[in-house]
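Before any comments, here is the structure.
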Amino acid sequence: MATATTTASTERLSSYNPATGEVVGTVPIHTPAEVDAAVARARVAAQSWSTRSFEARTEELVAFRKALAAQADELASIIHRENGKPELEALVEVMMALGHIQHAAARAETAMAPRKVSSGMLANFRATVSYHPLGVIGVIGPWNYPLFTPMGSIAYALAAGNAVVFKPSELTPLIAVKVAEIAAKTFALSDLLQVVTGAGATGAALAKAGVDKVAFTGSAATGKRVMMAAAERLTPVLLELGGKDPMIVADDADLEKAAEACVYGALTNAGQACISVERVYVADAVHDRFVDEVVKQVRALKTGGDDGHLGAMTSAAQVAIVRDHLDDAVAKGATILTGGSDAISGNYIQPTVITGAEHSMKVMSDETFGPVIPIKRVGSLDEAVKLANDSTYGLGSTVFAGKGARAIADKLRAGMTSINSVMGFAGIPSLPFGGIGESGFGRIHGDEGIREFTRTKSTAEQVMSIPLNMMSFRQPKDMPKRLRGMIKQLYGEGVVAKAGDLWRRIRS
Ligand code: NDP
Numbered sequence: 001m002a003t004a005t006t007t008a009s010t011e012r013l014s015s016y017n018p019a020t021g022e023v024v025g026t027v028p029i030h031t032p033a034e035v036d037a038a039v040a041r042a043r044v045a046a047q048s049w050s051t052r053s054f055e056a057r058t059e060e061l062v063a064f065r066k067a068l069a070a071q072a073d074e075l076a077s078i079i080h081r082e083n084g085k086p087e088l089e090a091l092v093e094v095m096m097a098l099g100h101i102q103h104a105a106a107r108a109e110t111a112m113a114p115r116k117v118s119s120g121m122l123a124n125f126r127a128t129v130s131y132h133p134l135g136v137i138g139v140i141g142p143w144n145y146p147l148f149t150p151m152g153s154i155a156y157a158l159a160a161g162n163a164v165v166f167k168p169s170e171l172t173p174l175i176a177v178k179v180a181e182i183a184a185k186t187f188a189l190s191d192l193l194q195v196v197t198g199a200g201a202t203g204a205a206l207a208k209a210g211v212d213k214v215a216f217t218g219s220a221a222t223g224k225r226v227m228m229a230a231a232e233r234l235t236p237v238l239l240e241l242g243g244k245d246p247m248i249v250a251d252d253a254d255l256e257k258a259a260e261a262c263v264y265g266a267l268t269n270a271g272q273a274c275i276s277v278e279r280v281y282v283a284d285a286v287h288d289r290f291v292d293e294v295v296k297q298v299r300a301l302k303t304g305g306d307d308g309h310l311g312a313m314t315s316a317a318q319v320a321i322v323r324d325h326l327d328d329a330v331a332k333g334a335t336i337l338t339g340g341s342d343a344i345s346g347n348y349i350q351p352t353v354i355t356g357a358e359h360s361m362k363v364m365s366d367e368t369f370g371p372v373i374p375i376k377r378v379g380s381l382d383e384a385v386k387l388a389n390d391s392t393y394g395l396g397s398t399v400f401a402g403k404g405a406r407a408i409a410d411k412l413r414a415g416m417t418s419i420n421s422v423m424g425f426a427g428i429p430s431l432p433f434g435g436i437g438e439s440g441f442g443r444i445h446g447d448e449g450i451r452e453f454t455r456t457k458s459t460a461e462q463v464m465s466i467p468l469n470m471m472s473f474r475q476p477k478d479m480p481k482r483l484r485g486m487i488k489q490l491y492g493e494g495v496v497a498k499a500g501d502l503w504r505r506i507r508s
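If you use this note's numbering, the sequence shown corresponds to residues 1 to 508, in order.
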């Protein structure tokens, strides 16, 4: 972990178990000077790491993955205790994070392979696009998936040849500290992956620390602040923000499967996922049957306890947001079929199914980030698509339908869509992950997620001389005439298809 080389912080931050309120552990609150020092150390590590072969980097990333896998239970236990999610969900999170390390390490060389591109009119050139590490990446992560989500940036940034300084959420810092300890023992360069801890101010310091890119995951409001801070040095940013993901259920959908996916998609991690199903549009003809099935499945779930499907909400602040959304929906005429505001106890929220949901309600327009399933009846698929697209967010989306499913999916304004499944795109490491609008920009995962942490370099190499050199002031007197001819032939009514043919004509 980052150790202070400048004035060390004396203040500490506590991480609490949201289920019990007990302190799970404490971490330092790193000062801006300590963040700067961590970035400076990372820069030294990056210089060395970037010069290693892909093979050498892969070897170390595989060792890192194995070291994490060896401690999977301990990692899951930390996530369970400081985030509140059930152990099983924590273990799934560890597994998915490991999958990304494996994928990023295996794909980096291919994703970053230089490629020849057409040299167009400059036929005497060889044109190449190549990808190179940026240097130091600042990763700022959220609390809801405190390992999986930041690993979607960390693994890809490392595989692309960068060093990383990671600032976890103040609600879940211990898992990050544990990962950094394992990294320091595994990587030959102990400063390759460092963690700085603290509250928002530490994250703000990282955004301003002169890193080569900031990969931020969190709320849209904080994302805007991070972007403004990064703008001071024109530091590029990748923003993975919130969502208000719609699900559409057509009248020819398999209703039982659709309900199962809806219940899981809306309630996994107690609904605290950026790609949670946050609103559901159901065709009129099947609405009532779908609702019955959803309610039946929700009633079979258990909240709290060692064998619970839903754990404690990670923060009381999030509980307050969910309560506000439920009260607003009821005040505006929605019907609560299970759960509801009255069933909230401490940090535990019973899964809540709402019908008669309308876009005038917060539960259909703002990110709820809780175990709530608001359902709206629609008269047609066109109406469903129109309503689904009626959002400032555009992250994930889900379609359950028969043969028209693909056509519906194509009309959704979102970064990702799962057809006849839910969240499928998040489990496939080769698919880029990210959104549009208030859901942010840039992509993690996939080849795009590797190249996100590279600079693209274009090289134009002249491989043979030709009599007419456009990049020179020494031009023949009749150059204007020749140019007029070229314009006509290349871009006007002419028939010259290839630049090579044109050069031959001009020379003759
Ligand atoms: P926040 O925006 O509150 O915080 C995100 C991170 O930013 C935390 O580490 C936080 O630190 C830090 N931070 C806070 N203030 C600043 C600042 N001024 N400058 C820099 N960093 C700062 O988000 P949450 O942690 O509440 O996460 C939930 C949000 O994340 C939801 O909106 C969810 O949809 C989104 N999310 C998006 C994902 C995606 O891939 N699109 C995936 C997962 C979540 P601290 O906690 O210490 O204040």
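Even for Gly, the Cβ is constructed at its ideal location relative to N, Cα and C.
Along the length of the region 234–288, whole beta strand (DSSP E) runs at least 3 residues long occupy 237–240, 245–249, 277–283, reported in chain order. Counted as a single uninterrupted DSSP element, the beta strand (DSSP E) harbouring residue 373 occupies residues 372–378. Excluding the 5 residues flanking it on each side, residue 63 has same chain C-beta neighbours closer than 7 Å at 186, in chain order.
Remark: C-beta atoms of residue 152 and residue 46 do not approach each other more closely than 9 Å. In the structure shown, residue 296 falls within a helical segment according to DSSP collapsed to helix, strand and coil. Measuring C-alpha to C-alpha distances from residue 422 to each of 403, 433, 397 identifies 397 as the nearest. Inter-residue distance for residue 370 and residue 170 is about 19 Å (C-alpha atoms, whole angstroms). Taking 8 Å as the cut-off, one finds at least one heavy atom of the ligand NDP near enough to the beta carbon of residue 144.
According to the DSSP assignment, residue 97 belongs to the alpha helix (DSSP H) that extends over 87–111. Two segments are said to touch when three or more pairs of C-beta atoms, one from each, lie closer than 8 Å; by this definition the region 198–216 touches the region 17–30. In this structure residue 196 is in contact with residue 165, their Cβ atoms being roughly 6 Å apart against a cut-off of 8 Å. Not one heavy atom of the ligand NDP sits closer than 8 Å to the Cβ of residue 231.
For residue 169, the Cβ falls inside the 8 Å cut-off from some heavy atom of the ligand NDP.
When DSSP reads this structure, residue 172 sits in no beta bridge, so it has no partner. Within the same chain, 125, 127 come within 6 Å of residue 119 by CB-CB distance, once the 5 residues on both sides are set aside. Inclusion of residue 159 and residue 108 in the CB contact set at 9 Å is warranted, their separation being smaller than that value. The three-state reading of DSSP puts residue 445 in coil, since its state is none of H, G, I, E or B. Taken atom to atom, the span from the alpha-carbon of residue 449 to that of residue 157 is near 8 Å.
A Cβ-Cβ separation of about 14 Å leaves residue 111 out of contact with residue 455 under the 8 Å criterion.
The distance from the Cβ of residue 161 to that of residue 50 is about 4 Å, consistent with a contact at the 8 Å cut-off. Per DSSP, residue 359 lies in no beta strand (DSSP E) and is assigned neither H nor E.
Note on residue 491: under 16 other CB atoms within 10 angstroms of its CB, so exposed under the neighbour-count rule. With a beta-carbon spacing of about 13 Å, residue 349 and residue 363 fall beyond the 8 Å limit used to define contacts.
Taking a C-beta distance under 9 Å as the contact criterion, residue 436 and residue 394 qualify as a contact pair.
About 5 Å separates the beta carbon of residue 149 from that of residue 217, a gap short enough to meet the 8 Å contact definition. Separation of residue 25 and residue 155 (C-alpha to C-alpha, rounded to the nearest whole angstrom) is 26 Å. Apart from the 5 residues on each side of it in sequence, residue 78 sits with its Cβ closer than 7 Å to the Cβ of 174, 175, 178 in its chain, given in chain order. DSSP places residue 167 in the uninterrupted beta strand (DSSP E) bounded by 163–167. Ranking 463, 443, 277 by CA distance to the CA of residue 239 puts 443 first. Residue burial is scored here from C-beta neighbours: residue 470 has fewer than 16 other C-beta atoms within 10 angstroms and is therefore classed as exposed. Taking residue 252 as the centre and dropping the five residues before and after it, the same chain places the C-beta of 401, 402, 403, 404 closer than 8 Å to its C-beta, in chain order. In the DSSP assignment, residue 28 falls outside any alpha helix (DSSP H) and lies within the beta strand (DSSP E) extending over 23–28. With a contact defined as Cβ atoms closer than 8 Å, residue 275 and residue 212 miss out at about 28 Å. The beta-carbon separation of residue 84 and residue 389, rounded to 33 Å, does not stay under the 8 Å limit for a contact.
When beta bridges are read from the DSSP output, residue 336 appears opposite 354. When the five nearest sequence neighbours on each side are left out, the beta carbons in the same chain lying within less than 6 Å of the beta carbon of residue 14 are those of 23, 26, in order along the chain.
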